[in-house]
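Student:
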Ligand code: SF4
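Residue numbers (the working numbering): 822 to 923.
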């Protein structure tokens, strides 16, 4: 959430469009169901927000590279593991996950 002051996700959208990085090799068209942040530290709102993406048709949850890689400010989320675990426990089993974008 705090990284949004520095990054509006431009490279995420570019990599989706060009099917590069985590999106390389995906054959089907990629439709973006929504672009959300975690809801603020310590990420407890993230499952609620991810649930809403799935309710609106998402079949994959993609964690932007700021979460685990700390792009672009060199500050990975200290709550990443807990937040991702909570989301995966909450969502249906058929949902897929990518843990970075570029
Ligand atoms: S929970 Fe992680 S991703 Fe969310 S604002 Fe805090 S440090 Fe950033």
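Glycine is no exception: its CB is placed at the ideal position from the N, C-alpha and C atoms.
Only a predicted model underlies this, so the values are computations on that prediction, with no experimental measurement involved.
Rounded to whole angstroms, what's the CA-CA distance from residue 871 to residue 919? Just pull it up for me.
Tutor: Position 50 of the chain shown, counted from the start, is the residue given in the question as residue 871. Position 98 of the chain shown, counted from the start, is the residue given in the question as residue 919. Looking at the two C-alpha atoms, the distance is approximately 13 Å.
Student: How many angstroms separate the CA atom of residue 885 from the CA atom of residue 900?
Tutor: Along the chain shown, one-based indexing puts residue 885 at 64. Along the chain shown, one-based indexing puts residue 900 at 79. Cα to Cα, residue 885 sits roughly 14 Å from residue 900.
Student: Are there any heavy atoms of the ligand SF4 lying less than 7 Å away from the beta-carbon of residue 909, as far as the coordinates show?
Tutor: Here residue 909 refers to the residue found at position 88 of the chain shown. No, the ligand SF4 has no heavy atom inside 7 Å of this Cβ.
Student: Ignore the nearest five residues each way along the sequence and tell me which others in residue 829's own chain have a CB closer than 8 Å to its CB.
Tutor: As a first step, residue 829 must be located in the chain shown, where it is residue number 8. Cβ within range, chain order: n/a, list empty.
Student: According to the neighbour-count rule (16 or more other Cβ atoms, all chains shown, within 10 Å of its Cβ), is residue 843 buried or exposed?
Tutor: Your numbering for residue 843 matches position 22 in the chain shown. Buried: at least 16 other Cβ atoms inside 10 Å.
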